[in-house]
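One structure is given here, and the rest of the page talks about it.
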Amino acid sequence: MSDLTTPLGFKPPGEERRKIPVGFLLGLGAVTVAALLTLWLVMVDDPLGGEPVARSRIATTQETVDRGEIATVGVKSGTGALLPPPKADDGAGDADAIAAVGTPEQAADPAAETKKMPVGADPGLLVDGPYGRLPRIAEDGRRPLDVYARPTPGMVASAPKIAVIVGGIGLSQTGTQEALRQLPPDVTLAFAPYGSDLGRWVTKARQDGHELLLQVPLEPFDYPDNDPGPHTLLTSLDADKNIDRLHWLMTRVEAYVGVMTYMGARFTADGQALDPVLADVAGRGLLFVDEGTSSRSLVGDGAKTRQAPYARGDVLIDAVATEQEIDSRLAQLEQIARSRGIAVGTASALPISVRRIAAWAAALEARGITLVPISATQRAR
């Protein structure tokens with residue numbers, strides 16, 4: 001029987017009923033719904049997902065809040081001391097300015113922010129001597145210590161500070177070049193008086209923003225077996241001869257903020273020999289830095305008697321020139337700075353010393369300590 005001759009509704013025996021694929025239809029519907037939902041989420045910007053939303057207009061005013069209405073709490077300094085809140089503004093300052101952390105008395109001099117560090121020597125701070133130009137206090141009272149100082153506008157008296165002096169600059173051309181390349185500007189550089197082409201290195205150091213010291217060779221206990229160099233100041237010489245040697249040394253470089261002892265354990269322990277030198281240095285408006293390697297030094301007592309600018313090294317950073325020992329001494333400097341407020345470290349321009357100091361200084365601020373030039377030790381008092 002063909003399909004044309006089969007009666008309507010008649011199904012031949014043995015032929016199975018064709019089933020409707022319900023599962024397929026349900027799956028297709030689910031996929032369609034999911035696709036539509038995804039399309040809706042992409043096309044419709046409704047982060048609240050259809051939740052009821054109420055909107056209201058917020059009125060704005062031009063009123064300002066007085067600084068005195070803002071509660072200010074004290075903070076802890078790097079030494080652990082609780083600093084008091086800042087005093088109320090008297091209205092004299094710039095409302096948009098951000099003050100340094102600390103009380104108004106502790107903030108740095110605002111004039112330092114606009115002060116430019118001179119590169120060359122100021123003619124008003126020089127006087128002709130028998131061996132060249134010597135530093136002096138200008139007729140208007142300006143001192144080399146102040147004029148050649150590196151500005152520190154962000155320095156806060158309450159925060160711990162470290163000054164690092166690297167000596168022996170100028171003796172080695174390669175060593176000096178690497179020190180200038182790696183060390184940050186806040187590291188103070190002490191020039192030896194015997195280097196070649198010192199004027200060029202002084203100019204480069206000043207252009208890079210470094211404060212400078214002049215190293216003065218002084219007699220050690222084992223002199224002459226241990227000889228600091230030509231024109232060393234000696235306890236066996238009278239005051240006039242030592243001052244003459246000092247003046248020769250002072251003409252080797254210019255634009256420095258002070259002098260620093262080189263060796264000199266015997267000389268600095270002899271008050272009769274030391275006192276005229278301290279007087280001459282202070283009378284020229286210079287800082288006197290004791291390297292700090294001798295416990296018998298009388299430099300501190302002599303400087304206090306004369307009320308002369310003075311600083312002393314606390315840690316000889318590279319007494320043992322190994323990476324581990326240098327890092328240990330730098331950590332010791334941090335401890336002193338946190339407990340006392342300020343610390344001074346001295347080192348030589350050895351390649352390993354320069355590398356470790358540069359790496360340490362790069363992370364110092366993150367530990368809450370400020371690296372400062374040596375002149376800042378006077379402003380921090």
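Those letters in the sequence shown? Residues 1 to 381, per the working numbering, in order.
All residues carry an ideal CB built from backbone N, CA and C; glycine is no exception.
In this structure, M250 is the residue among M250, R181, S158, T176 with its C-alpha nearest to the C-alpha of Q215. Rounded to whole angstroms, the separation of the alpha carbons of Q324 and L125 is 43 Å.
Separation of A239 and T203 (C-alpha to C-alpha, rounded to the nearest whole angstrom) is 32 Å. Remark: C-beta atoms of I336 and K161 do not approach each other more closely than 8 Å.
Pairwise C-beta distances place the stretch 354-364 in contact with the stretch 177-185, as three or more of them are shorter than 8 Å.
Just so you know, the alpha carbons of E254 and L213 end up roughly 9 Å apart. Note that the C-beta distance between G132 and A349 is not below 8 Å. About 6 Å separates the beta carbon of L145 from that of P309, a gap short enough to meet the 8 Å contact definition. The Cβ-Cβ distance between V257 and F288 does not fall below 8 Å.
For T235, same chain residues with a beta-carbon under 7 Å away, outside a window of 5 residues either side, are E219, R266, F267, D270, A273 in chain order.
DSSP links A311 through a beta bridge to V289. Sixteen is the threshold: when 16 or more other Cβ atoms of the shown chains lie within 10 Å of the Cβ of N242, as they do, the residue is buried. The beta carbon of G313 lies closer than 8 Å to those of I165, V289, D290, E291, G292, T293, V344, G345, T346 in the same chain, with the five residues before and after it left out.
Rounded to the nearest angstrom, the gap between the Cα atoms of T176 and S196 is 11 Å.
Excluding its 5 nearest sequence neighbours in each direction, V299 has C-beta neighbours in its own chain below 6 Å: T268, D290, listed in chain order.
Assignment of P351 by DSSP, reduced to helix, strand and coil, places it in the helix class. Sequence-distant Cβ neighbours of G285 in its own chain, meaning closer than 6 Å and more than five residues away, are I137, R143, P144, L145. A straight-line Cα-Cα distance of about 34 Å links A376 and Y223.
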